[in-house]
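Notes follow once the structure below has been shown.
Numbering (my numbering), first residue to last: 2 to 323.
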């Protein structure tokens with residue numbers, strides 16, 4: 002019996018030693034799998050929660066029920082506030098059937114968050130600089146939603162080039178639907194495939210940024226591991242796809258940390274002195290979800306584009322006859 006006891010103690014000691022060695026020599030975090038960041042938490046804090054960055058479970062339940070009721074009240078409409086915000090413009094392009102934005106507020110550290118923005122503490126985007134406001138007005142003047150001379154005048158999401166609302170990132174924002182991502186890791190890169198418009202981000206590990214004159218739709222992303230966290234540094238944006246009117250010199254740092262078997266904590270800081278008076282940071286979870294990510298064949302079925310331009314030509318011909 003003494004021998005068996007000593008043997009068991011010895012085996013336990015070996016297991017502890019192996020476990021300690023494994024922790025000491027632990028490799029990069031395993032972020033692979035299918036994930037969703039769907040949530041009804043908005044980027045900026047609603048006025049109703051102005052002084053409350055977090056709320057109780059009961060308050061969160063009531064908020065979710067109210068949001069669901071407001072969404073269902075728009076069913077069958079073409080111009081409800083939520084549907085119109087997605088770009089329907091009263092045409093019936095969206096209805097409640099399309100909406101898959103999640104049903105709960107984002108939950109971090111056991112607390113329900115009232116905004117994705119965690120810094121500044123008020124949960125609001127910092128003020129834009131005067132130069133940025135002028136730049137934004139110029140962008141709308143050159144290529145606003147009311148220009149129909151060519152396909153290139155239309156928004157990139159309408160042309161099925163890039164998903165709307167910065168769903169592809171960075172930052173990778175939750176939007177009205179199609180909030181699923183697939184992450185694949187290799188020794189040299191991390192690939193993030195986005196359900197919306199089937200965008201693909203490739204984060205080069207331990208690399209260097211390309212020259213500043215090379216602009217990419219999703220910016221130029223390089224990454225490295227800091228312990229249990231993947232840190233992604235992105236710059237070199239195209240201004241026609243920059244986040245919320247940011248400049249091409251915006252600098253965005255993302256952190257992906259696997260906090261348990263079913264959750265990645267995503268934290269992102271947006272720094273662009275050309276656009277905002279100070280940086281701001283958002284934080285929210287990505288939850289494990291069943292795969293696969295099905296193809297989003299937007300462009301193949303984008304029959305609306307010739308209809309949009311054709312409708313504009315029709316209106317032009319009618320105006321010249323008057």
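The beta-carbon is built from N, C-alpha and C at its ideal position, and this holds for glycine as well.
Worksheet item: By how many angstroms is the C-alpha of residue 321 removed from the C-alpha of residue 235?
Response: 49 Å
Fill in: Burial state of residue 164 (16 or more Cβ within 10 Å)
buried
Worksheet item: Where does residue 70 fall in DSSP's three states?
Response: helix
Worksheet item: So, using beta-carbon positions, are residue 282 and residue 269 closer together than 9 Å?
Response: yes
Worksheet item: Do you know how far the Cα of residue 223 is from the Cα of residue 209?
Response: 7 Å
Item to complete: Answer yes or no: do residue 172 and residue 105 have a C-beta to C-beta separation smaller than 9 Å?
Response: no
Worksheet entry | Residue closest to residue 311, alpha-carbon to alpha-carbon, out of 193, 54, 280 and 150 | 150
Item to complete: Measure the beta-carbon distance from residue 185 to residue 33 and round it to whole angstroms, keeping in mind my assumption that it falls under 8 Å.
Response: 6 Å
Worksheet item: Does the separation of the CB atoms of residue 76 and residue 109 fall below 9 Å?
Response: no
Worksheet item: Shortest alpha-carbon distance to residue 314 belongs to which of 148, 123 and 62?
Response: 148
Worksheet item: Between which two residues does the beta strand (DSSP E) containing residue 152 stretch?
Response: That residue, residue 152, is in no beta strand (DSSP E); it is neither H nor E in DSSP.
Worksheet item: If you count every other CB in all the chains shown that lies within 10 Å of the CB of residue 117, and 16 or more means buried, which is it?
Response: buried
Worksheet item: Alpha carbon to alpha carbon, how far is residue 299 from residue 29?
Response: 35 Å
Practice prompt. State the beta-bridge partners of residue 190 as determined by DSSP.
Written response: 205
Worksheet entry | Whether residue 175 touches residue 102 by CB criterion (9 Å) | yes
Worksheet item: Buried or exposed: residue 179, going by 16 or more other Cβ atoms within 10 Å of its Cβ?
Response: buried
Worksheet entry | Buried or exposed by the 16-neighbour rule on C-beta atoms within 10 Å, applied to residue 1 | Beyond the ends of the chain as shown, which are 2 and 323, falls residue 1; an answer cannot be given.
Worksheet item: Which residue or residues does DSSP assign as beta-bridge partners of residue 222?
Response: 235
Worksheet item: Based on the DSSP output, what are the partners of residue 285 in its beta bridges?
Response: 267
Item to complete: Please work out which residues of its chain come closer than 7 Å, Cβ to Cβ, to residue 183, disregarding the five sequence neighbours upstream and downstream, and give them in chain order.
Response: 35, 194, 292 and 294
Fill in: Closest residue to residue 288 among 64, 266, 271 and 206 (Cα-Cα distance)
266
Worksheet item: Alpha carbon to alpha carbon, how far is residue 24 from residue 290?
Response: Only weak support exists for where residue 24 lies, its pLDDT of 39 falling under 50; the value from the coordinates is given anyway. Straight-line Cα distance between these residues: approximately 27 Å.
Worksheet item: Whose C-beta lies closer than 6 Å to the C-beta of residue 61 among residues of the same chain, with five residues either side of it excluded?
Response: 106 and 113
Discussion item. Between which residues of its own chain and residue 239 is the CB-CB distance below 7 Å, once the five residues before and five after are set aside?
Written reply: 216, 217, 218 and 249
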